[in-house]
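K.L.:
Below you will find the structure I want to go over with you.
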Amino acid sequence: MVVSWVSSAFSEKLHTTKHVAHVCLLLIVVFLFEVGAGGLWGGTPTTAAYPPLVTLLFQLLRLLPLLALPQAVFNFLGFICFNAFPERAKLKGSPLLAPFLCLRVVTRGDYPDLVRTNVNRNLNTCLRVGLEKFMIEVVTDKKIDLPENQRIRQVVVPSSYRPKSGALFKARALQYCLEEDVNLLADTDWIVHLDEETLATEAAIRGILNFVIEGRHQFGQGLITYANENIKNWFTTLADSFRVSDDMGKLRFQFKVFHKPLFGWKGSYVVTQTGAERRVTFDHGPDGSVAEDNYFGMVALREGYSFDFIEGEMWEKSPFTIYDFLQQRKRWLQGILLVVHSPHIPVSAVSCCQDRKAFFCLHC
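Everything in the sequence shown is counted per UniProt numbering, starting at 1 for the first residue and increasing by one.
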């Protein structure tokens with residue numbers, strides 16, 4: 001017991017030391033950047049002779065980076081206030097007493113081998129953690145050869161299915177799972193939304209268990225990293241490192257402090273209480289069918305639900321080609337534009353989404 005206590009104390013001190021070093025390095029980088037840019041003690045600016053309208057245009061262009069200021073502040077505070085090197089998550093209760101979990105994977109069925117491999121890996125990860133009350137549900141447009149049993153369920157979305165509001169794409173598939181004659185979950189059960197390439201880690205499963213056992217918030221999300229195992233494209237993986245910092249900074253700060261998706265959230269590694277998800281629904285028409293995750297979050301915010309950050313990371317792969325990477329970003333921007341201009345989203349939520357759109361345009 002003494003050895004265990006000493007080891008725990010040393011581990012906690014080590015993680016704290018890493019966090020302090022990380023914060024100091026961040027502050028040094030910011031300071032050096034300001035010095036190099038002349039932002040602290042720059043000389044008197046020289047004024048070139050431009051026509052008044054041209055001068056006004058240039059001044060407005062100089063103000064454009066301020067559109068990203070709110071998110072930059074949240075990112076900075078997220079890194080400063082919360083440890084980027086947390087200790088291994090400890091279970092706050094027995095997995096036997098935890099609510100039922102459904103790991104829901106949505107796919108078009110174009111890559112059946114990938115789906116089978118990842119379902120098997122996620123299944124084994126859950127079993128290693130000691131999870132008992134769970135199943136993995138694969139929602140697909142095309143039937144996949146999966147070994148269906150009490151742990152694995154396949155839901156094939158019929159081509160004839162049409163949601164009431166005309167939801168499309170992934171939103172249509174997710175809404176189909178919530179229909180009375182398809183849904184098997186009670187309102188007190190929990191759903192973990194994953195993409196077909198998402199791999200759960202033991203730390204993530206422990207974090208999810210702690211989140212659902214506490215049960216104080218209806219929605220949660222955690223960190224996703226991309227530079228794991230075999231890297232297919234270094235360029236796109238490096239570009240996605242921005243998303244990792246976004247999760248560790250802005251996402252964590254907004255959920256831990258405000259418990260609201262003030263600047264949106266992602267569509268994977270999403271944990272929802274079934275009853276709350278069914279009340280919010282994914283049936284929001286074409287406007288909520290491209291960036292269905294953002295639209296869902298804005299509606300949940302409007303309805304007064306609360307959110308939290310989940311400890312433990314999951315793994316994903318970046319797009320394999322630059323073309324796929326650009327198409328992915330294009331689709332996201334189009335979806336966010338639809339959310340921003342939707343008449344069904346309240347002004348307060350739209351203002352947050354508009355800031356997210358501006359930030360997205362400046363950084364992607």
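From the three backbone atoms N, C-alpha and C, an ideal C-beta is built for every residue, glycine too.
On the DSSP bridge assignment, give the partners of tryptophan 315 in chain order.
P.N.:
Counted from its first residue, the sequence shown places residue 315 at position 315. According to DSSP, which records beta bridges pairwise, tryptophan 315 is partnered with Leu199 and Thr225.
K.L.:
I'd like the span of the alpha helix (DSSP H) that includes phenylalanine 235, first residue to last.
P.N.:
Against the sequence shown, residue 235 aligns to sequence position 235. Phenylalanine 235 -> alpha helix (DSSP H) spans 234-246.
K.L.:
By the three-class DSSP mapping on this structure, what secondary structure does aspartate 283 have?
P.N.:
Residue numbering aside, residue 283 sits at position 283 when the sequence shown is read from its first letter. Three-state result, aspartate 283: coil.
K.L.:
With DSSP as the reference, label histidine 193 as helix, strand or coil.
P.N.:
Here residue 193 is taken as the residue at index 193 of the sequence shown, counted from 1. Reduced to three states, the DSSP call for histidine 193 is strand.
K.L.:
Check each candidate in Asp293, Ser165 and Asp287 and name the one with the smallest Cα separation from valine 106.
P.N.:
Locating residue 106 in the sequence shown gives position 106, counting from the first residue. Checking every option, the nearest Cα to that of valine 106 belongs to Asp293.
K.L.:
Less than 8 Å separating the beta-carbons of histidine 19 and asparagine 83?
P.N.:
Position 19 of the sequence shown holds residue 19. Position 83 of the sequence shown holds residue 83. Yes, the Cβ-Cβ distance between histidine 19 and asparagine 83 is below 8 Å.
K.L.:
Cβ of isoleucine 144 within 8 Å of Cβ of valine 115?
P.N.:
As a position in the sequence shown, residue 144 is number 144, starting the count at 1. As a position in the sequence shown, residue 115 is number 115, starting the count at 1. Yes; because the gap between Cβ atoms is below 8 Å, this pair is in contact.
K.L.:
Beta carbon of lysine 250, beta carbon of glutamine 71: below 8 Å?
P.N.:
For the purposes of this step, residue 250 is identified with residue 250 of the sequence shown, where counting begins at 1. For the purposes of this step, residue 71 is identified with residue 71 of the sequence shown, where counting begins at 1. Yes, they are a contact pair.
K.L.:
Return helix, strand or coil for methionine 1, following the three-state DSSP convention.
P.N.:
Your numbering for residue 1 matches position 1 in the sequence shown. With a pLDDT of 47 at methionine 1, under the threshold of 50, the modelled position of this residue cannot be trusted, and the question is left open.
K.L.:
Beta-carbon separation of asparagine 122 and alanine 200 under 8 Å?
P.N.:
What you label residue 122 is simply residue 122 of the sequence shown in a count that begins at 1. What you label residue 200 is simply residue 200 of the sequence shown in a count that begins at 1. Their beta carbons are under 8 Å apart, which means asparagine 122 touches alanine 200 by this criterion.
K.L.:
In terms of residue numbering, what span does the alpha helix (DSSP H) encompassing arginine 121 cover?
P.N.:
Taking the first residue of the sequence shown as 1, we reach residue 121 at position 121. Where arginine 121 is concerned, the enclosing alpha helix (DSSP H) stretches over 112-129.
K.L.:
Here's a check: name, in chain order, each residue in its chain whose Cβ is nearer than 8 Å to the Cβ of isoleucine 345, leaving out the five neighbours to either side.
P.N.:
By one-based count along the sequence shown, residue 345 stands at place 345. Contacts found: Tyr295, Met298, Val299, Arg302, Val339 and Cys353.
K.L.:
Please state whether DSSP places leucine 362 in a helix, a strand or coil.
P.N.:
Within the sequence shown, numbered from 1, the residue matching residue 362 stands at position 362. Residue confidence is low: leucine 362 scores 40 on pLDDT, short of 50, so the model does not pin down where it sits. Its coordinate-derived value is still stated next. In the structure shown, leucine 362 sits in a helix (DSSP, three-state: H, G or I).
K.L.:
Measuring alpha carbon to alpha carbon, tell me which of Leu26, Val271 and Thr55 ends up nearest cysteine 81.
P.N.:
As a working note, residue 81 is residue 81 in the sequence shown. Nearest option by C-alpha distance: Leu26.
K.L.:
Where in the region 144-172 do unbroken runs of the beta strand (DSSP E), each at least 3 residues long, occur, reported from the N-terminal end onward?
P.N.:
Listed in chain order, they are 152-156.
K.L.:
Enumerate in chain order the residues of its own chain whose CB-to-CB distance from glutamate 111 is below 7 Å, with the five nearest sequence positions on each side excluded.
P.N.:
Residue mapping note: residue 111 aligns to position 111 of the sequence shown, counting from 1. Sequence inspection shows tyrosine at residue 111; the glutamate mentioned does not correspond to that position. Closer than 7 Å at Cβ, skipping near neighbours: Glu196.
K.L.:
Just to confirm before moving on: does the CB-CB distance between lysine 133 and alanine 173 stay below 8 Å?
P.N.:
Against the sequence shown, residue 133 aligns to sequence position 133. Against the sequence shown, residue 173 aligns to sequence position 173. No, the Cβ-Cβ distance between lysine 133 and alanine 173 is not below 8 Å.
K.L.:
Ordered along the chain, which non-local residues of its own chain (more than five positions away) have a Cβ less than 6 Å from that of glycine 220?
P.N.:
Here the question's residue 220 lines up with position 220 in the sequence shown. Answer for glycine 220: Phe211, Val271, Asp308 and Ile310, listed in chain order.
K.L.:
Can you list, in chain order, the residues of its chain whose CB lies under 6 Å from that of serine 289, leaving out five sequence neighbours each side?
P.N.:
Position 289 of the sequence shown, counting from 1, holds the residue named residue 289. Excluding positions up to five away in sequence, the list reads Ala167, Leu168, Phe169 and Ala171.
K.L.:
According to the neighbour-count rule (16 or more other Cβ atoms, all chains shown, within 10 Å of its Cβ), is asparagine 118 buried or exposed?
P.N.:
Here residue 118 corresponds to residue number 118 of the sequence shown, with the count starting at 1. Answer is buried; the Cβ neighbour count reaches 16.
K.L.:
Which two residues bound the contiguous alpha helix (DSSP H) that contains valine 54?
P.N.:
The residue given as residue 54 occupies position 54 in the sequence shown. Element bounds for valine 54: 52-63.
K.L.:
For histidine 341, is the classification buried or exposed, using 16 other Cβ atoms within 10 angstroms of its Cβ as the cut-off for buried?
P.N.:
Here residue 341 is taken as the residue at index 341 of the sequence shown, counted from 1. By the 10 Å Cβ count, histidine 341 comes out exposed.
K.L.:
In whole angstroms, what separates the C-alpha of valine 35 from that of leucine 77?
P.N.:
By 1-based counting over the sequence shown, the position of residue 35 is 35. By 1-based counting over the sequence shown, the position of residue 77 is 77. Straight-line Cα distance between these residues: approximately 21 Å.
K.L.:
For the alpha helix (DSSP H) that contains valine 340, what are its first and last residues?
P.N.:
By one-based count along the sequence shown, residue 340 stands at place 340. Unbroken alpha helix (DSSP H) run through valine 340: 322-340.
K.L.:
Could you tell me whether the Cβ atoms of threonine 281 and glutamine 175 are closer together than 8 Å?
P.N.:
As a first step, residue 281 is located in the sequence shown; it is residue number 281 there, counting from the start. As a first step, residue 175 is located in the sequence shown; it is residue number 175 there, counting from the start. A contact, by the Cβ cut-off of 8 Å.
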